[in-house]
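Position one of the sequence shown corresponds to residue 2 (the working numbering), numbered consecutively onward.
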Amino acid sequence: MSKFNINKARFATLCVHGSGGVDPATGALGIPIYQSSTFAFKSAEDGAALFLGEKEGYVYTRLGNPTQAAFEREMAFLEGGEAALAFGSGMAAISSLIFALCRSGDNFVSSDTLYGGTHNLFADRLPKYDIDAREINALDLSNIENAIDERTRLIYIETPANPTLAIIDIEKCSKIAKKHHIPLVIDNTFSTPYFQKPLQLGANIIVHSATKYIGGHGDTVAGIIIGKKEFMNELRAEYLRDFGGIISPLNAWLLVRGLKTLAVRMERHQENAFQLAKYLSFHPKVENVWYPGLSTHPHHDIAKKQMSGYGGMISFEVKGGRKAGEKLMNSVKLFTLAVSLGDVDSLIEHPASMTHSTYSAEDLKKLGITENLVRISVGIEDPSDLIEDLSQALKLIKS
Ligand code: LCS
């Protein structure tokens, strides 16, 4: 019997069967956790050749590890990229990427609604290295054009944006990037390759906080970059080797395992989120619901064009200001009051005082991250239980 042609497989099959097959060393169907810091050389000459890069193989886990490689291979495969590079966190991936692309005196253009940690890196840390992150409203594409000059090294877009679920047109951004011969970087954390394929839309590099849907179980912190092989090799040498923000073999293994169920988890996250978004839209104590799948979402048309589904994140405003939002968050019983997202468990948090507290009050207002905005990461529980929980908590808010 001829072997199944994995290249023709659909996404859910790719998630399960992956790019790697069985472990070549042992035949293990599940990739082993190569929990080893170092790897023995066959001879002194062999070690020297590995160090010179004349021979492929493993040397030391900071420079590469088979479990880490399995995760990278799988992510490159699922995103449709040439290669990938795993990091110890999403922030390690993003900071390494920016340092790899920019030198002192350079700048880059970024969408202004970002995860609060990314914004903090861009607005507070990078200026210390004389790198200017120009955070602009990328919903108006002319703002991107206008911010670009001869020292601009990349365009960085988070879409859907955390926490407002703003959707930026990737294809249109990629045309601007091409015109200026600079790479377009997309943070694909909220969608995952299951719902959005930025490389197919013209982007050049993808970053993820793999902590979220990629792992899916809330038990790992990790990041990954996907792009051209040559660039990934350069990044590995310059940034993993010298800056050292590597992923551990155990965490890489948890992510490989998480990816096997990515398709079914994303389907269920979306199904549940749709039901909750509709429920919240009609609730008298809720003002605005931001979910890209709703036709009332201001960028629904762009979402429909570039995403094959809308994910599991919802933000909404509770009538009655900050106090009403706090009452809701303190009253839920099934949702966990916690940051992070993309877990099988449903989570609830307050962006203005938690994940996005790195923004100034003025910026929060400008971006629509209001005092009464609550963000939920919809898990894979029974949606009726989730609705009942929100319902009992909303009932406790005095109108
Ligand atoms: N990109 C996005 C879109 C994120 O949401 C996060 C973290 C990161 C990058 C950074 O990844 P990390 O280093 O945490 O793996 N977002 C978080 C959030 O919304 N709540 O807690 C963390």
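The beta-carbon is built from N, C-alpha and C at its ideal position, and this holds for glycine as well.
Backbone secondary structure at I171 - three-state DSSP
Taking the sequence shown and counting its residues from 1, one reaches residue 171 at position 170. Helix, per DSSP.
Is there at least one non-hydrogen atom of the ligand LCS closer than 7 Å to the beta-carbon of N163?
Here residue 163 corresponds to residue number 162 of the sequence shown, with the count starting at 1. It does: the Cβ of N163 is within 7 Å (strictly closer) of some heavy atom of the ligand LCS.
If we count the other Cβ atoms within 10 Å of its Cβ and call it buried at 16 or more, is E363 buried or exposed?
Sequence index remark: in the sequence shown, residue 363 carries index 362 (1-based). Classification for E363: exposed.
Would you mind working out which of V23, L256 and E151 sits nearest Q69, comparing C-alpha positions?
By 1-based counting over the sequence shown, the position of residue 69 is 68. Nearest C-alpha to Q69: L256.
Going residue by residue through the segment 297 to 346, where are the continuous alpha helix (DSSP H) segments of at least 4 residues, counting only ones entirely within it?
301 to 307 and 322 to 332
Just checking E159 against the ligand LCS - is the residue's beta carbon closer than 7 Å to any of the ligand's heavy atoms?
As a working mapping, residue 159 is identified with position 158 in the sequence shown. E159 Cβ: within cutoff of the ligand LCS.
Which word fits K213, buried or exposed, when buried means at least 16 other C-beta atoms lie within 10 angstroms of its C-beta?
The residue labelled residue 213 in the question sits at position 212 within the sequence shown. Per the 10 Å Cβ criterion, buried.
Select from N138, T165 and P164 the residue whose C-alpha is nearest the C-alpha of I156.
Here residue 156 is taken as the residue at index 155 of the sequence shown, counted from 1. Out of N138, T165 and P164, N138 has the C-alpha closest to the C-alpha of I156.
Are R266 and G217 close, meaning C-beta to C-beta below 8 Å?
Position 265 of the sequence shown, counted from the start, is the residue given in the question as residue 266. Position 216 of the sequence shown, counted from the start, is the residue given in the question as residue 217. Their beta carbons are under 8 Å apart, which means R266 touches G217 by this criterion.
Helix or strand or just coil, what does DSSP make of Y61?
Indexing the sequence shown from 1 puts residue 61 at position 60. Here Y61 sits in strand by DSSP.
Which value, in whole angstroms, describes the spacing of the CA atoms of G322 and P128?
The residue you call residue 322 lines up with position 321 of the sequence shown. The residue you call residue 128 lines up with position 127 of the sequence shown. G322 and P128 have their C-alpha atoms some 35 Å from each other.
When you compare the CB positions of I145 and N108, do they come within less than 8 Å of one another, or not?
The residue given as residue 145 occupies position 144 in the sequence shown. The residue given as residue 108 occupies position 107 in the sequence shown. No.
Near the ligand LCS: I95 beta-carbon under 7 Å from a heavy atom:
Residue mapping note: residue 95 aligns to position 94 of the sequence shown, counting from 1. Because some heavy atom of the ligand LCS lies under 7 Å away, the Cβ of I95 counts as near it: yes.
Assuming R376 is part of the beta strand (DSSP E), what are its boundary residues?
By 1-based counting over the sequence shown, the position of residue 376 is 375. Element bounds for R376: L374 to S378.
For A49, the first and last residue of its enclosing beta strand (DSSP E):
Within the sequence shown, numbered from 1, the residue matching residue 49 stands at position 48. Note, A49: premise wrong, no beta strand (DSSP E); alpha helix (DSSP H) at A45 to L53.
Measuring CB to CB, does V379 end up less than 8 Å from V319?
For the purposes of this step, residue 379 is taken as residue 378 along the sequence shown, with counting starting at 1. For the purposes of this step, residue 319 is taken as residue 318 along the sequence shown, with counting starting at 1. Against a cut-off of 8 Å, the Cβ pair of V319 and V379 comes out as no contact.
Buried/exposed call for H300, threshold 16 Cβ in 10 Å:
The residue you call residue 300 lines up with position 299 of the sequence shown. Flag for H300 reads buried.
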